[in-house]
Structure formats: C-alpha cells, structure tokens
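Undergrad: For the sequence shown, the working numbering assigns the number 894 to the initial residue and increments by one for each residue that follows.
Positions of the beta carbon are idealized from the N, C-alpha and C atoms, including for glycine.
Given the structure is predicted, the values throughout are model-derived calculations rather than measurements.
Following this message is one structure expressed as structure tokens.
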Amino acid sequence: MHAEAKKLRLGVLISGGGTNLQSILNAIELGELDAQVAVVISNRGDAYGLERARLAGVPAVFLDPKGYATLIDYNHALRETLDEHGVEAVIMAGYMRLLGREVLEAFPSRVLNIHPALLPSFPGASGVADAWKAGVKVTGVTVHFADEKFDEGPIIAQEVVRIEEDDTVAMVEARIHSVEHRIYPAAIQLLAQDRIRVEGRRVRVLPRGDA
Ligand code: GRF
C-alpha cells in the first residue's frame, strides 16, 4: 500500500456564493489538487459558500464582524480559527474584507487571492464591470499573493479573457468565472507542490520535479 501523500491544509475565506471554493473542492475530489480544505470561514452568515462547505463535510465557520470592536481584533480571531484547524495556507475566495498583518505575518507567501481582472488594472470590488465600462478589449483573471492592500502583491498567474463588442457585463462575468474555476485550483496546486518562488514582485514557477 502506498503511503498517502501529505495534503496541504487550506483555510478558505469567503464572503459570498463560493463558486471558487466549489472549484477547489471539486479539484481535490478529482485528485487534481493535493490539498484538503481544513476550514471555510465567512464574514457573512448568509454566504452560500458556508453551505457548500457543510455539504462537502468541511468545518464552516461564520465569524461575525459585529462581535469584534476593531478590524485588528477580527483578524486576530481569524488567525486563531485558522490555527485551530491546522491551516497551512490561506485562500481568499471572494473574501471582501481587508486581511491584516495579524494573519499575513503568520502565513508568509502562503495567502492567495483571486481577482476578476488583469491586475494592476481594475482593482476593487467591481473589476469586471469596471473593465467593461472602460471599453478595454481584453481583461482576465489574476491569482496573486495577498498583502495588506486590496488586490496587490506578487502575481502568480494571469489569464486573458477577451471582451467582444456585443458582450454584456454578465457575459464577460460568466467567462471570467469559468477561467477562475480552472486557474485558481491550478495555482494552489503549485503551492501544494512547493513550486512557487517569490523574487521581489516577481514570481517564478519551478518546473515539476525541481522543487
Ligand atoms: C470572484 O469573481 C473573485 O474573483 C472575486 O470575488 C468573486 C467570488 O465569487 N474576488 P465566488 O464567491 O467564488 O463565486
């Protein structure tokens, strides 16, 4: 019998529907991602992603910001919850709050975020609509390491999505989501395989087997 390979323990942070969380759970199920979701944490009690976690048998935690006086206190609580579940890497998947150094310093180069535009263009909460309104012909998806600012930090992966003349925002959004659901699990797998090296703002991905 083969000894089971060690699985990277993920803590997934969400605020909403959790389709990216679902793509991670699916990739694990399919054996495409050598990881396990140790806990899903949401800052919103009504986030459907919490239900997705429960359905997958994963601990689902609603951490209510109202219970904490400051963002710093909230981030301390986040850190404690991640530690309680033995989390090794933090995956922001539609998490709409700023992550503080209380969490970031505990997971150096181990906090990932996904953004629905080609950063540094169109950061912020409405990246898809902002790109559409600006009339750009290409937008896309960015997976990057998180830092203390929104939508910054070294870029791990990007993929282009074209915007055609007759596209609505909803059409672009749908294409962006399907790219997200493919490239986020793939980027997390690079982390699980220890193939990511950060050199300043630049990220190098080692070929398979060189890690
Ligand atoms: C995604 O578009 C992601 O890029 C952005 O928030 C959205 C989350 O969607 N950060 P979901 O909750 O994973 O469906």
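What's the C-alpha gap between HIS1147 and ARG945?
TA: With the chain covering only 894 through 1104, there is no way to say anything about residue 1147.
Undergrad: Which stretch, first to last residue, makes up the beta strand (DSSP E) that contains GLU1041?
TA: On the sequence shown, residue 1041 is found 148 positions in, with the first residue counted as 1. GLU1041 -> no beta strand (DSSP E), and no H or E assigned at all.
Undergrad: To the nearest angstrom, how far is it from the Cα of ALA928 to the Cα of VAL1062?
TA: Indexing the sequence shown from 1 puts residue 928 at position 35. Indexing the sequence shown from 1 puts residue 1062 at position 169. Near 33 Å, if we compare the C-alpha coordinates of VAL1062 and ALA928.
Undergrad: Residues in the same chain with beta-carbon distance under 6 Å from GLU981, minus the five sequence neighbours each way, listed in chain order, please.
TA: Counted from its first residue, the sequence shown places residue 981 at position 88. Excluding sequence neighbours, GLU981 sits near LEU901, ARG902.
Undergrad: Could you tell me the distance, in whole angstroms, from the CA atom of VAL1021 to the CA atom of LEU1005?
TA: As a working note, residue 1021 is residue 128 in the sequence shown. As a working note, residue 1005 is residue 112 in the sequence shown. Answer to the nearest angstrom: the Cα atoms are 19 Å apart.
Undergrad: I need the DSSP call for GLU981, collapsed to helix, strand or coil.
TA: On the sequence shown, residue 981 is found 88 positions in, with the first residue counted as 1. Here GLU981 sits in coil by DSSP.
Undergrad: Going by CA-CA distance only, name the one from TYR941, ASN919, GLY1028, ALA1027 that's closest to TYR1107.
TA: No answer is possible for residue 1107: it lies beyond the span of the chain, which begins at 894 and ends at 1104.
Undergrad: Quick one, which of VAL930, GLY909, GLY910, SER908 has its alpha-carbon nearest LEU918's?
TA: The residue labelled residue 918 in the question sits at position 25 within the sequence shown. Closest option to LEU918, Cα to Cα, is VAL930.
Undergrad: Identify whether VAL1098 lies in helix, strand or coil by the three-state DSSP scheme.
TA: Against the sequence shown, residue 1098 aligns to sequence position 205. Three-state result, VAL1098: strand.
Undergrad: If we require 4 or more residues per run, which alpha helix (DSSP H) segments fall completely within the stretch 1041-1082?
TA: Taking only runs of at least 4 residues, no alpha helix (DSSP H) segment lies wholly in the stretch 1041-1082.
Undergrad: Mapping DSSP to helix, strand and coil, what is ALA920?
TA: Stepping through the sequence shown from its first residue, residue 920 is reached at position 27. Correct three-state label for ALA920: helix.
Undergrad: Buried or exposed: where does MET894 fall if 16 or more other Cβ atoms within 10 Å of its Cβ makes it buried?
TA: In the sequence shown, residue 894 corresponds to position 1, counting from 1. Per-residue confidence for MET894 stands at a pLDDT of 47, beneath the threshold of 50, marking its modelled position as unreliable; the derived number appears in the next sentence. Answer is exposed; the Cβ neighbour count stays below 16.
Undergrad: Closest by CA to LYS1042, which one among ARG1003, LEU992, THR1035?
TA: To locate residue 1042, count along the sequence shown from 1; it is residue 149. Answer by Cα proximity: LEU992.
Undergrad: Give the single residue among ALA1039, ASP1044, GLU1066 whose Cα lies nearest to the Cα of LYS1026.
TA: The residue labelled residue 1026 in the question sits at position 133 within the sequence shown. Residue GLU1066 is the option with its Cα nearest to LYS1026.
Undergrad: For PRO958, which residues of its own chain have a beta-carbon under 7 Å away from its beta-carbon, when the five flanking residues on both sides are left out?
TA: Residue 958 sits at position 65 when you count from the first residue of the sequence shown. Contacts found: ASN936, TYR967.
Undergrad: Cβ-heavy atom distance between HIS1008 and the ligand GRF below 7 Å?
TA: Walking along the sequence shown from the start, residue 1008 turns up at place 115. Checking the Cβ of HIS1008 against the ligand GRF gives yes.
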